[in-house]
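This report concerns only the one structure given below.
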């Protein structure tokens, strides 16, 4: 047995060496410089699993803002400088406009959906989704009203704890239910078995997608298939897909062409019933699009709100300034609206800082649709590009850079895509939540709070489910400048001693 294993490893090493020495399939390509790859593993030995961004930044200091790394056999161009990322993602040609085939998502979506499809199918799904969400009022008052109504339900759940610690995961219910209301036309009761099952399955899928086993599967699909690393996540995805298919089929008999559209699912059904000769909106792709919207729409907003609450409890001085601004601008009894954003610069800056701190989805790969000039180099068709936002978000403060003081203590200077972080769901939820409640750090024995908070760039920026927060109602408590000076950790200090708010350093 040992001899067979040794022979297998020897043949595997020989195959990797031959692959490494093989000629580039596009001899005319001019790849950026990068570290020399090892047979079979490429440059994986240079990337720390828990700090991939820092590893890539260290390589960029040696090879420049545009360089090449080998993820196994896959050549990948990493973009770290602002100009390089802007040229690739926001330039006139949008050089990295396509999505590359990622092994696990190819198995999950089978070439369909919104985010990991390509070509005509991707363009049709994307244009349809933008139109459908706009018609449903996303980014406008109709959805803002639903957000505030959902927060009333969440407040009722928090009131049930009567000041006792509550699990941080509870704050993910409201944004998830808002997403479900847009997708399915109705909100779910928090005890509804479908709602509970969906949230539980989504949480399990996200944990599995970020696991080392699936990262290995994406780099070496043949090895992952041999070890069956992808089976657990596929089983969970099938359970999610079965629930979504049931919800779709429940609406199908009630929808005809020309009927009023009340949800994203209604729009999908009508699109499939209309002129669709290529079958781009047949049942399989309709389920795939709904799956993408459920996975992306729930986890991103939930993670952002949970991290925002966690950081507010950890930094009561920042929370106090946010609440003071809300009281000054909104006044007593008025709920926030979308148009209040311009009048709440500090609150908006804090929201941007939360997004910068967690760095959701830091490594979304792109690929070239044709031979492409990028940063003075020539990339072949289907060349893989990996924009790295770490340099943009965590560079040293300076002209045109987003340092910490620039974000929270002044007007945030952000790239074009950074100005669009959450204006509706997370923004309104957090503003209203802090207008009603004061979040406090969990005490020892309550599950506590993480001892050290640091910038996270893990998959989906997960906050974890073992963190607990306290809260106290603010419905009858108003902040003003003099009142804040006499507070310590959000509570009036004995004798009215003054305490200068500390600089926010997350």
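Numbering (the numbering used here), first residue to last: 45 to 550. Beta carbons: idealized from backbone N, C-alpha and C, even for Gly.
Note to self: Let me confirm a value: residue 129 is counted as buried when at least 16 other C-beta atoms fall within 10 Å, else exposed. Which label applies?
What the structure shows: buried
Notebook entry, point to check: What are the start and end residues of the alpha helix (DSSP H) that includes residue 359?
Noted result: Looking at the DSSP string, residue 359 is not in any alpha helix (DSSP H), and its letter there is neither H nor E.
Next item on the list: Quick one: using the 10 Å Cβ neighbour count with 16 as the cut-off for buried, is residue 196 buried or exposed?
Entry: exposed
Check: Can you give the Cα-Cα distance for residue 338 and residue 281, rounded to whole angstroms?
Finding: Counting only the Cα atoms, residue 281 lies some 12 Å from residue 338.
Next item on the list: Pick helix, strand or coil for residue 425, following the three-state DSSP scheme.
Entry: coil
Next item on the list: Grab me the residues of residue 332's own chain with a C-beta within less than 6 Å of its C-beta, minus the 5 sequence neighbours each way, in chain order.
Entry: 153, 156, 157
Next item on the list: Please report the Cβ distance between residue 405 and residue 219, rounded to the nearest whole angstrom; I am assuming they are in contact, meaning their Cβ atoms lie under 8 Å.
Entry: Incorrect: roughly 16 Å between the Cβ atoms, too far for contact.
Item checked: Straight-line gap, residue 360 to residue 272 (C-alpha atoms, nearest Å) -> 47 Å
Next item on the list: Apply the 10 Å Cβ neighbour rule to residue 233 and answer buried if 16 or more other Cβ atoms are within range, or exposed otherwise.
Entry: exposed
Note to self: With a threshold of 7 Å on Cβ separation, who are the neighbours of residue 330 within its own chain once the five nearest residues in sequence on each side are excluded?
What the structure shows: 292, 312, 316
Notebook entry, point to check: When the Cα atoms are used, what is the spatial distance from residue 113 to residue 167?
Noted result: Taking the CA atoms as reference points, residue 113 sits about 30 Å from residue 167.
Checklist line | Which of helix, strand or coil DSSP assigns to residue 295 | finding: helix
Item checked: Burial state of residue 300 (16 or more Cβ within 10 Å) -> Residue environment analysis places residue 300 among the exposed positions, since fewer than 16 neighbouring C-beta atoms fall within 10 angstroms of its C-beta.
Note to self: My assumption, with CB atoms under 8 Å, is that residue 349 sits in contact with residue 215. Please give the rounded CB distance.
What the structure shows: The Cβ separation is near 5 Å, so the contact holds.
Checklist line | Minimum C-alpha distance to residue 413 - residue among 162, 75, 100 | finding: Nearest C-alpha to residue 413: 162.
Notebook entry, point to check: Taking the alpha-carbon positions, what's the residue 257 to residue 269 distance?
Noted result: 11 Å
Checklist line | For residue 150 and residue 164, the rounded distance between their alpha carbons | finding: 17 Å
Next item on the list: On a CA-only basis, which of 110, 471, 134 is nearest residue 125? Give me that one, please.
Entry: 110
Next item on the list: Kindly identify the DSSP beta-bridge partner or partners of residue 82.
Entry: In the DSSP output, where bridge partners are listed per residue, residue 82 has 86.
Next item on the list: Report the residue from 206, 202, 221 whose alpha carbon sits nearest the alpha carbon of residue 212.
Entry: 202
Checklist line | Contacting residues, own chain, Cβ-Cβ under 8 Å from residue 144 (five flanking each side not counted) | finding: 409, 410, 411, 426, 428
Check: What first and last residue would you give for the beta strand (DSSP E) that runs through residue 118?
Finding: 118-123
Note to self: Taking only three categories from DSSP, how would you classify residue 114?
What the structure shows: Collapsing the DSSP output to three states places residue 114 in a strand.
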